[in-house]
Amino acid sequence: MECSENASESPDIVKLKKVIIAALCLINEYYETYIHKTPCMTSSYRGDSWIGELLQGHQTRFHNMFRMSQTIFVDLLYDLENVHGLHGSSRTTTREVLAITLYILSHNESIRSTCERFQHSTETISRYFSIGLEALVKLSSLIIKPIDPSFENIPRKILYDNRYMPYFKDCIGAIDGTHVDARVSTAEKVAYIGRCGSTTQNVMAVCDFNMCFTFVMSGWEGSAHDSRIFKFAIRNQQHQFPMPPPNKYYLVDAGYPMQRGFLKPFSDTKYHIPDFQRGSQIIRGRKETFNKRHSSLRGVIERSFGVWKKKWVILRDMPTYPFKKQVKIVVATMALHNYIRRHPSRDDPEFNVCDRDQSYIPPEAYEYRIGQTLLNNEGDETNHEAQDGEGAEEMIQLREQITSTLVNEEMN
Numbered sequence: 002m003e004c005s006e007n008a009s010e011s012p013d014i015v016k017l018k019k020v021i022i023a024a025l026c027l028i029n030e031y032y033e034t035y036i037h038k039t040p041c042m043t044s045s046y047r048g049d050s051w052i053g054e055l056l057q058g059h060q061t062r063f064h065n066m067f068r069m070s071q072t073i074f075v076d077l078l079y080d081l082e083n084v085h086g087l088h089g090s091s092r093t094t095t096r097e098v099l100a101i102t103l104y105i106l107s108h109n110e111s112i113r114s115t116c117e118r119f120q121h122s123t124e125t126i127s128r129y130f131s132i133g134l135e136a137l138v139k140l141s142s143l144i145i146k147p148i149d150p151s152f153e154n155i156p157r158k159i160l161y162d163n164r165y166m167p168y169f170k171d172c173i174g175a176i177d178g179t180h181v182d183a184r185v186s187t188a189e190k191v192a193y194i195g196r197c198g199s200t201t202q203n204v205m206a207v208c209d210f211n212m213c214f215t216f217v218m219s220g221w222e223g224s225a226h227d228s229r230i231f232k233f234a235i236r237n238q239q240h241q242f243p244m245p246p247p248n249k250y251y252l253v254d255a256g257y258p259m260q261r262g263f264l265k266p267f268s269d270t271k272y273h274i275p276d277f278q279r280g281s282q283i284i285r286g287r288k289e290t291f292n293k294r295h296s297s298l299r300g301v302i303e304r305s306f307g308v309w310k311k312k313w314v315i316l317r318d319m320p321t322y323p324f325k326k327q328v329k330i331v332v333a334t335m336a337l338h339n340y341i342r343r344h345p346s347r348d349d350p351e352f353n354v355c356d357r358d359q360s361y362i363p364p365e366a367y368e369y370r371i372g373q374t375l376l377n378n379e380g381d382e383t384n385h386e387a388q389d390g391e392g393a394e395e396m397i398q399l400r401e402q403i404t405s406t407l408v409n410e411e412m413n
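Just so we're aligned: 151 in the numbering used here is position 150 of the sequence shown, and the numbers increase by one with no gaps anywhere.
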């Protein structure tokens, strides 16, 4: 009977039934997806509860998660919230926003992995990571600069170390470039591949002898030469490069031009610290005498880069964020680096290692480098790019004066 009824249905009726069934399926799918959602993040151990437990827990556990102590976290949260616009919502606390940001920067966790840790949607995590990043970039404008812009006082690092005092008493810091992993489009890759063979952004930084960054120029292609970035930074006043006052100077390596306020080593003999460590400890000639002392003092920027990259793992394996966001990550993590270092507590495991051993340079500082031998690593490119500038003769005379004093005192 039923079969005969189905057989007697017209093609239009059959087609109508199929349309109705399809429509009902779509309605049900919409209801399940947008009306009666099945909760996904259902863990009772939500992100803010986890942060609260960590804040009350052991300092090592907290440091392992967020790369700073509880005390520094609380002070940073206060400053970002009250001065730099960090905010949450009725469902996401401000301290959770900061924790999400630090968690991603320090562990290079994916957005999905961070969702599981904090029990929020991908949209929420992505949005609040961007908010946290923007607040840190705002902080950078206040903290990535010299504490004493006049540079009146001799740095303690020099004042109380007879290896450098009085020879380098007018030195105010060190300059160098480092490469940070970058993700760019296929069309842009060639420009961002440097001598290391990987796509990177070339970052120029200035640091003081407290291992704090006082200037940063980020976002340059990995193929850009250090001296090109340097010239761009100091010639454009809007970048607010902290120029040395008269009779003061920064230490630079042979990849930079010799000019007033910037003292480079002799370029026709070994210079880098690993060169001296690999070879004989015997110093051959007056130029090596100067270069070893210069390199030892300028090593502060290598240590600073090493601690910075060791803390913030995201710098060594950058996710596929838009490139502008990758540049912000560089600046934000440098701001965090300075905030931790300048905090009154002065207690941080990575910095403590460098304080105990002034010759120690974290291996992360040498990532994306293909060698540390000055003659081979600088080569023709140095000769082409690093042309000496105005006041070079003054700096050459200063270098000769320091060299003669060092040699005479070693002979006596």
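No residue lacks a Cβ here, since even glycine has one placed at the ideal position from N, Cα and C. Because the structure is a prediction, the values reported are computed rather than measured.
DSSP places F152 outside both helix and strand once states are collapsed to three, so it counts as coil. Nearest to R92 by alpha-carbon distance, out of A393, N353, P167 and S50, is S50. Counted as a single uninterrupted DSSP element, the alpha helix (DSSP H) harbouring C355 occupies residues P350 to R357. D389 and T95 have their C-alpha atoms some 50 Å from each other. In the structure shown, the three-state DSSP call for C197 is coil.
Each residue's CA atom was taken as its position, placing Q402 and E395 some 11 Å apart.
Straight-line spacing of the CA atoms in K158 and C172 works out to 11 Å. Note that the region 305 to 315 touches the region 204 to 221; at least 3 beta-carbon pairs, one per stretch, sit closer than 8 Å. Secondary structure note for S141: its alpha helix (DSSP H) is the uninterrupted segment T123 to I144. Bounds of the beta strand (DSSP E) holding I173 are C172 to D182. Residue nearest to P363 within the set V408, Y369, V332 and S305 is S305 (criterion: CA-CA distance). The continuous stretches of alpha helix (DSSP H) do not include Y165, and DSSP gives it neither H nor E. Taking the CA atoms as reference points, E153 sits about 9 Å from P246. Look at Y104 here: in three-state DSSP terms it is helix.
Excluding residues up to 5 positions away in sequence, L55 and Y104 lie with their Cβ nearer than 7 Å to the Cβ of M66 in the same chain. Assigned with DSSP and collapsed to three states, L87 falls in coil, not helix or strand. Checking the DSSP bridge columns, you'll see N203 partnered with H180 and W221.
Shortest Cα-Cα distance from H295 to any of L316, K271, A336 and R317 involves K271.
In the DSSP assignment, L252 falls within the unbroken beta strand (DSSP E) covering Y250 to L252. Comparing C-alpha distances from L337 to each of A100, T201 and N29 shows the shortest one belongs to A100.
Short of 8 Å from the beta carbon of N292, and not among the five residues preceding or following it, lie these beta carbons of its own chain, in chain order: P266, F267, T270, K271 and Y272.
DSSP, reduced to helix, strand and coil, places F169 outside both helices and strands of the structure shown, so it counts as coil. Here the region 189 to 204 makes contact with the region 323 to 333; the two share three or more CB pairs at distances below 8 Å.
Judged by DSSP in its simplified three-state form, T215 adopts strand. With fewer than 16 neighbouring CB atoms inside 10 Å of its own CB, N237 falls in the exposed class. G198 counts as exposed, since fewer than 16 other C-beta atoms from the protein chains shown sit within 10 angstroms of its C-beta.
As computed with DSSP, C208 is found in a beta bridge with A175 and F214. By the beta-carbon neighbour count (other beta carbons within 10 angstroms, threshold 16), S228 is buried.
By the neighbour-count definition (other C-beta atoms within 10 Å, threshold 16), P150 is an exposed residue. The three-state reading of DSSP puts F263 in strand, counting E and B together.
Closest by C-alpha distance to S219, out of H88, R342 and Y193, is Y193.
Residues of the same chain with a CB within less than 6 Å of the CB of P156, apart from the 5 flanking positions on each side, are F210 in chain order. The criterion of a C-beta distance shorter than 8 Å is not satisfied by I176 and N339.
Straight-line spacing of the CA atoms in L27 and K16 works out to 17 Å.
In the three-state reduction of the DSSP assignment, I302 falls in the helix class, which pools H, G and I. In terms of Cβ geometry, M319 and R184 form a close pair [threshold 8 Å].
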